[in-house]
Amino acid sequence: MINPTHLRTFLVLAETGHFTHTAEQLHMTQPGVSQHIMKLEAHLGTPLLHRFGKRFELTEAGRTLQQYAQAQMAAEQNLIEQLASDEGEQGECRLACSGAIANQLYPELLSLQQRCPALQIKLEAAPNESIIADVKENHCELGLITRAVNDPALQQETLGQDELCLVMPAGSEFSWQQLQALGFINHPDGHHYATAALAANFPAQFIGMSEINEAGYINQLNQILLPIARGIGFTVLPASALHDFPYAGQICCASLSQPVTETVYLISKKHRPLGKRYEHIKEVIYQQWQQQ
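When we follow the numbering used here, the leftmost residue of the sequence shown carries the number 167, and every step to the right adds one.
Below you can see the structure in the form of structure tokens.
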């Protein structure tokens, strides 16, 4: 690694063209400047200056190093300015949520990005466990999940409730026998949602998802309801996931004797300070849930 002090001395020398002026500017002695240059040449294994009398010219290697040093100093200055000025309207914003929540939230985040073009919105749609792991491992800064966590590394706040809907083909009879006959259309959070809905409404019959025939699996939110619209299987999704489905007339939501809602939580790393830009992200999230 190039010694940054030696590199700074070389850059000032290359710009002033004079050892004495360099020493004065850096509050050094002239022999000290010469020593830095010699150490730099020894480290790089090539002469940087062509000396003649009391003057010098940069060698080809010296000119290359000067360009490198200028780029390094510019990058350092840019970094210092960014660290000193977190205005909250630029930079990368990483968050994760379920596909259902993403469908509602992403358009609002895009509106924010239109107002603040220097923001970079990076939204990952994932199941609860993946979101929790991503926040803990710093792959994303904020996560929206539908189960409480008890982890000393994380902090959470309640956003609101989302009703779970048991979705069947239109005209289907809602009974345990009918569900068994249809089979379950699984998805990344499928077992989690279905367990909550079926345990509450069929406490005598339901003993676990392993006893339910699986009719299919799909991990794309906008595709989950398609097999059901064609008469294949049933599934359980948050009500927010049913918005704007183009074949709404071909599916129906069962009338549950015991309605089930899921609490939505916002999680983040407890001891990981976030940049001011995340205040804008949180504001969008809060506004979205106030409208629920």
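Ideal Cβ placement from N, Cα and C applies to all residues, glycine included.
Inset, instruction - Within the segment 195-225, note down every full beta strand (DSSP E) run reaching 3 residues or more, in order along the chain. - result: 215-218, 221-224
Inset, instruction - Reducing DSSP to helix, strand and coil, say where A291 ends up. - result: Walking along the sequence shown from the start, residue 291 turns up at place 125. Here A291 sits in strand by DSSP.
Legend entry - Three-way DSSP call (helix, strand, coil) for G382 in this model: Sequence index remark: in the sequence shown, residue 382 carries index 216 (1-based). In the three-state DSSP reduction, G382 falls in the strand class (E or B).
Legend entry - Pair within 8 Å by beta-carbon distance, A381 and G356: Residue mapping note: residue 381 aligns to position 215 of the sequence shown, counting from 1. Residue mapping note: residue 356 aligns to position 190 of the sequence shown, counting from 1. Their beta carbons are not under 8 Å apart, which means A381 does not touch G356 by this criterion.
Legend entry - Exposed unless 16 or more other CB atoms sit within 10 angstroms - verdict on H466: Since the first residue shown for the chain is 167 and the last is 458, residue 466 is missing from the structure and cannot be characterised.
Inset, instruction - Have a look at Y383 and Q243 and give me their C-alpha separation to the nearest angstrom. - result: Within the sequence shown, numbered from 1, the residue matching residue 383 stands at position 217. Within the sequence shown, numbered from 1, the residue matching residue 243 stands at position 77. Between Y383 and Q243, the C-alpha separation is close to 51 Å.
Inset, instruction - Spell out the partners DSSP gives R260 in its beta bridges. - result: Taking the sequence shown and counting its residues from 1, the one referred to as residue 260 is at position 94. Bridge partners of R260: K288.
Inset, instruction - Classify F176 as buried or exposed, calling it buried when 16 or more other Cβ atoms lie within 10 Å of its own Cβ. - result: On the sequence shown, position 10 is the one that residue 176 refers to. Answer is buried; the Cβ neighbour count reaches 16.
Legend entry - Three-state secondary structure (DSSP) of V430: Counting from 1 along the sequence shown, the entry for residue 430 is found at position 264. In the structure shown, V430 sits in a strand (DSSP, three-state: E or B).
Legend entry - Residue range of the unbroken alpha helix (DSSP H) whose run includes A170: Position 4 of the sequence shown holds residue 170. According to the sequence as given, residue 170 is Pro; it is not Ala. Where P170 is concerned, the enclosing alpha helix (DSSP H) stretches over 170-182.
Legend entry - DSSP three-state assignment for P404, whether helix, strand or coil: By one-based count along the sequence shown, residue 404 stands at place 238. In this structure, P404 counts as strand in the three-state DSSP scheme.
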